[in-house]
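What follows is a short report on a single structure.
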Ligand SMILES: NC(=O)c1ccc[n+]([C@@H]2O[C@H](COP(=O)([O-])OP(=O)(O)OC[C@H]3O[C@@H](n4cnc5c(N)ncnc54)[C@H](O)[C@@H]3O)[C@@H](O)[C@H]2O)c1
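In the numbering used here, the protein residues as written are 17 to 266.
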C-alpha cells in the first residue's frame, strides 16, 4: 500500500485531498496543527474502509517534521507521496506589514514545504521513486494580490521550489509538481477578514468562465492525478486549476 503525507489536512483542500488519496488506495498520513479536525479526517477515512492516521505537525518545526517523517518511514518505508499543503494568507497592507508577518508567512507557506521534502527525500531516493505536489496559488503564478504581498511572494516562491526540486530529484525517480488553485470554497477564501468572504466568493463566480467557485475536491482530484503514474513524465510544472479564470479574464 502506498503512503501519502499531507500537511494542513484537517480542513479545506488538505482534507479533500486526504479523502481523494484514500479513495485511490493510499494509506493517508493526515497532519495539521488542528488536532480535533485532523483526528476527525483520519476517523472518517477509517470509517469508509481506508487506512489513515493523524499526527500533529506544525510545519514551522524542522525537528518535528524530521521526527514525524522518520517515525512514518520506520513503520511503512519510504513515503510515496508528499502534499505540502499547509498555508496561511493574512490580509496586511504593506505599511503595516512587519518583518515578523513576512517571516511567518514564508516560514509556513514556503519553508515548511522545503522542510518536508528535505526530510522525506533521502528515503524516496533510496526507493528510486516518489512524487511531491506543492500548493501554490493563482496569486503566485499570475495575479498580484493587494494587501497580501507576503502571500503572493511566498506562493511565487513555491513555483521556484517546485522547479528546483524537480530538477534536483528527477534522476532519483522523484517528480515534483505544483497546483495553483483559483477561488476555492474553503475557510481561507470564506474569511471576511483575510480574503474574499462568502459574498465576494459568490461574486467571483460571475467572472469565472465555468460559472462557479471551485470546491476542495476539484483540487484534490488533480493532486491525485499529478501523484499518479498517469503523470509519470510530468515534472517541474505548476498546474492552474481555476475554472478558466486566468484565461478568461481580460
Ligand atoms: N482556498 C483557496 O481559494 C486557495 C487558493 C489558492 C491556494 N490555496 C492554497 O491551498 C492550501 C490549502 O488552503 P485552504 O484553502 O484549504 O486553506 P484552509 O485555511 O482551509 O486550510 C489551511 C490548513 O493549513 C493548516 N496550517 C496553518 N498553519 C499551519 C502550520 N504552521 N503547520 C501546519 N499546518 C498549518 C491549517 O490548520 C489548515 O488545516 C494553502 O496552501 C492555500 O494557500 C487556497
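Note that beta-carbon positions come from the ideal geometry of N, C-alpha and C, so glycine has one too.
Closest Cα partner of residue i within the set the options
i, options, result
"residue 133", "256, 52, 86, 220", "86"
"residue 265", "120, 220, 231", "220"
"residue 261", "230, 189, 254, 253", "230"
"residue 227", "175, 247, 198, 211", "198"
"residue 137", "47, 34, 186, 196", "186"
"residue 178", "59, 195, 169", "195"
"residue 159", "256, 26, 56", "256"
"residue 236", "180, 30, 55", "30"
"residue 147", "101, 245, 156", "245"
"residue 97", "23, 58, 77", "23"
"residue 45", "127, 169, 88, 76", "88"
"residue 129", "76, 238, 33", "76"
"residue 139", "242, 20, 95", "95"
"residue 163", "212, 84, 141, 239", "212"
"residue 119", "165, 84, 135, 141", "165"
"residue 78", "131, 151, 56", "131"
"residue 181", "141, 214, 153", "141"
"residue 263", "239, 214, 200, 154", "154"
"residue 151", "242, 82, 83", "242"
Any non-hydrogen atom of ligand 1 within 6 Å of residue i CB
i, result
"residue 138", "no"
"residue 75", "yes"
"residue 101", "yes"
"residue 199", "yes"
"residue 213", "no"
"residue 153", "yes"
"residue 33", "no"
"residue 205", "yes"
"residue 50", "yes"
"residue 19", "no"
"residue 27", "yes"
"residue 121", "no"
"residue 278", "This structure cannot speak to residue 278, because the chain is shown only from 17 to 266."
"residue 202", "yes"
"residue 104", "yes"
"residue 160", "no"
"residue 124", "yes"
"residue 24", "yes"
Euclidean distance between Cα positions of residue i and residue j
i, j, result
"residue 217", "residue 206", "7 Å"
"residue 183", "residue 90", "27 Å"
"residue 80", "residue 74", "7 Å"
"residue 175", "residue 161", "16 Å"
"residue 202", "residue 233", "11 Å"
"residue 223", "residue 144", "44 Å"
"residue 93", "residue 17", "11 Å"
"residue 149", "residue 208", "28 Å"
"residue 248", "residue 110", "41 Å"
"residue 270", "residue 100", "Since the displayed the chain opens at 17 and closes at 266, residue 270 lies outside it and no answer follows."
"residue 62", "residue 26", "15 Å"
"residue 33", "residue 21", "10 Å"
"residue 69", "residue 55", "8 Å"
"residue 82", "residue 215", "41 Å"
"residue 19", "residue 250", "20 Å"
Anticipated Cβ contact below 8 Å, residue i with residue j, distance rounded
i, j, result
"residue 192", "residue 259", "Not confirmed; about 25 Å, so no contact."
"residue 172", "residue 189", "At roughly 28 Å, the Cβ-Cβ gap does not stay under 8 Å, so residue 172 and residue 189 are not in contact."
"residue 43", "residue 67", "4 Å"
"residue 125", "residue 167", "7 Å"
"residue 121", "residue 170", "5 Å"
"residue 28", "residue 204", "6 Å"
message: Does the region 46 to 61 come into contact with the region 104 to 116, if we say contact requires no fewer than three beta-carbon pairs (one atom in each stretch) closer than 8 Å?
response: Contact between the region 46 to 61 and the region 104 to 116 is absent, because fewer than three Cβ pairs lie under 8 Å.
query: Does the count of Cβ pairs from the region 114 to 127 and the region 33 to 42 closer than 8 Å reach three?
result: No contact exists between the region 114 to 127 and the region 33 to 42.
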